[in-house]
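Q: Let me begin by handing over the structure; questions about it come next.
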Amino acid sequence: MRLLKYALLLGGSLLATLPATSTVLTTNFNVKITITNECKILTASDLIFGSHGIIDTNVDQTSTIGVQCTAGQTYVVGLGLGNGVGTTVGSRKMTGPGAAVVNYSLYQDGGHAQVWGITSGTDTQAGTGNGSVQSLTVYGRVPIQPTPVAGDYADIVQVTLTY
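Using numbering that gives the first Met the number 0, you'd call the opening residue of the sequence shown number 0 and step up by one each time.
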């Protein structure tokens, strides 16, 4: 019995000193994404002309539109006429007290030569996406005009992005 005990102890210690063998398995997996053409309007800041008394000089201000498109994707940005009665691309209208109006215009350039409207290829702004946000400046002008009654005047202009 004692001999068996020593044999078991000796055998157990031999097993403990044998080199351990292990198996390592590997595999791979694919990582994929499909990029589709897309554009988004990320921002459209308000165009604030401030407070003025008599409109005896042009009042100019700017706002920005942030557009982000897939790199290489072409796009066109148009600006609606607004909600004023009788507006045109060249003369939009902010409405105030008693349906009084203040005329204004929106331009694509700081020289106020190229109006910004809704007719693609005529008065819209085209671009090509680069994958990052691109800022487009809207140049607004309230031209010299007869000053209406005091009060707050406002309009809402829709931004349209086509791609």
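The beta carbon of each residue, even a glycine, is placed where N, CA and C say it ideally should be.
Keep in mind that this is a model prediction, so the values were computed, not measured.
#1: Cβ of T161 within 8 angstroms of Cβ of V75?
#2: Please name the residue or residues paired with T126 in a DSSP beta bridge.
#3: Should S134 and T25 be called a contact, given that it needs their Cβ atoms to be closer than 8 angstroms?
#4: Compute the distance between the beta-carbons of T73 and A153, then report whether it is under 8 angstroms.
#5: Please work out which residues of its chain come closer than 8 angstroms, Cβ to Cβ, to Q144, disregarding the five sequence neighbours upstream and downstream, and give them in chain order.
#6: Is DSSP giving A99 helix, strand or coil here?
#7: Let's test the definition: count the other Cβ atoms within 10 Å of the Cβ of V137 and tell me whether it reaches 16, buried, or not, exposed.
#8: DSSP has A149 in a bridge; who is on the other side?
#9: Take Q157 and list the residues in its own chain whose beta-carbon comes closer than 6 angstroms to its own, dropping the five residues that flank it on each side.
#10: What's the call for A19, buried or exposed, on a 16-neighbour Cβ count within 10 Å?
#11: Pull the bridge partners of A43 from the DSSP assignment, please.
A: Reading off the structure:
#1: yes
#2: Contrary to the premise, residue 126 reads as Gly rather than Thr in this sequence. Note: G126 sits in a beta bridge opposite Y74.
#3: no
#4: no
#5: I54, V101 and N102
#6: coil
#7: buried
#8: For A149, which the question treats as bridged, DSSP gives no partner whatsoever.
#9: G79
#10: exposed
#11: I64
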